[in-house]
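Residue numbers (full-length UniProt numbering): 1 to 426.
Below: the structure, in structure tokens.
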């Protein structure tokens, strides 16, 4: 039986999670202040006047984004801050859109940016804020990551989607359409003034994106747990993220119903996404994210969908490597970690499988997430995807240790085009 969506009036019970974390409080890699909890979005009226007098509000391009963004406009109006809207042109940050937004901001005299949306909005907004305060154009990215002489313009991040893991990132990934590749915009950290995470802002996110975000956040916490090199605080963050997302999924997996207006569910997903963002800042992103970046530019498939679809293959590759290297202390330690994660998910969700990769495969099916075989990649693009995904993983692994190498990424990608064992030739 597939899970289906059930809408209901959400609970108005006392907030369970509510905090204001100064930079460095949650982890040393946390550079922006973080406000978390229901109705924390109201703090935009308090925070924005301290860092900007006129704002460029960047939003997604889906049909509901304009209505959602009106709430942010209202909060800015309460603070007497003029607000000018910029809507994404594609479902990713592009060179043209960044230049256009920067030019628009300068024309209207905006001196700050509000990122009000998902991961693509956050990437775009970081790049816009960087260019607003520096010379040059986004197309200079073709010569390599931009060098910034000045700190980016003030930036406030307000996620409306849980799972992207970009909340506290200092990085902007931008699509170079001519090269059909997603590239790091600058090596200079782009640090937001504050990140405001209000689970209420995610209530209108549809089932597909909600499910993809949940598994993507969970997967990043697991990969960071495997990539971590002895930082106990990072282990704590990863395990908290794994448990939090598992708690969110427990009732849906038990009842067969994904209740999108359940605020306890939304709250846990938002917190789990924050944990995944903190984890990725500390260790770098994992293989699922890297494959998503490798696919970016070559396919219009959304990043979260790619990440969620490839997670069973990524986890299975970890399992294979750890089994092949049994007897080696390092690999045996990682295997014990992976088994601990599987045990946590089994206990918290009461959903039992023989292996962790099977857990992701079966839960993904229940959540109606297309598997990697259904994404329909052209065989001629596989080499380029592998190369780009490997480059991204190696770039991230500078901050940590990953057991996956290029041949492993190739095996993961090849798994997406191989016919599943339970499928029939047509």
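No residue lacks a Cβ here, since even glycine has one placed at the ideal position from N, Cα and C.
It should be emphasised that the depicted structure is a prediction, and the values quoted were computed from it without experimental measurement.
With 16 or more other Cβ atoms from the protein chains shown falling within 10 Å of its own Cβ, residue 41 counts as buried. In the DSSP assignment, residue 159 falls outside any alpha helix (DSSP H) and within the unbroken beta strand (DSSP E) covering 155-159. Here residue 85 is bridged, per DSSP, to 57. For residue 296, the beta-bridge partners assigned by DSSP are 299. In the DSSP assignment, residue 235 is bridged to no other residue. Taking the Cα positions, residue 56 is about 12 Å away from residue 121. In chain order, 227 and 393 place their CB closer than 7 Å to the CB of residue 402, counting only its own chain and leaving out the 5 sequence neighbours on each side. By the Cβ test, the segment 77-85 is not in contact with the segment 133-140, since fewer than three Cβ pairs between them sit closer than 8 Å. In this structure, the CA atom of residue 259 is about 21 Å from the CA atom of residue 359. At a Cβ-Cβ threshold of 7 Å, residue 128 and residue 98 count as neighbours.
Taking C-beta atoms under 8 Å as the contact rule, residue 396 and residue 290 qualify, at a distance of about 7 Å.
DSSP places residue 260 outside both helix and strand once states are collapsed to three, so it counts as coil. Taken in chain order, the whole alpha helix (DSSP H) runs of length 4 or more contained in the segment 196-229 are 207-227. The bridge partners DSSP lists for residue 117 are 159. Counting the other Cβ atoms within 10 Å of the Cβ of residue 320 gives fewer than 16, which makes it exposed.
Within the DSSP bridge table, the entry for residue 112 names 55 as partners.
Bounds of the alpha helix (DSSP H) holding residue 69 are 65-78. Here the alpha carbon of residue 225 sits roughly 43 Å from the alpha carbon of residue 77. Residue 17 sits close to residue 267, with the two beta carbons spaced by under 7 Å. In the DSSP assignment, residue 20 is bridged to 35. If you check the CB distance, residue 87 and residue 117 do not come in under 7 Å. In this structure, DSSP gives residue 326 a state outside helix and strand, which the three-state scheme calls coil. By the Cβ test, the segment 375-387 is not in contact with the segment 269-284, since fewer than three Cβ pairs between them sit closer than 8 Å. Taking a C-beta distance under 7 Å as the contact criterion, residue 313 and residue 165 do not qualify as a contact pair.
DSSP, reduced to helix, strand and coil, places residue 417 within a helical segment of the structure shown. Rounded to the nearest angstrom, the Cβ distance from residue 111 to residue 153 is 6 Å, consistent with a contact under 8 Å. Per DSSP, the continuous beta strand (DSSP E) segment holding residue 181 begins and ends at 181-184. Spatial neighbours of residue 179 in its own chain (CB-CB distance under 8 Å, excluding positions within 5 residues in sequence) are listed in chain order as 142 and 297.
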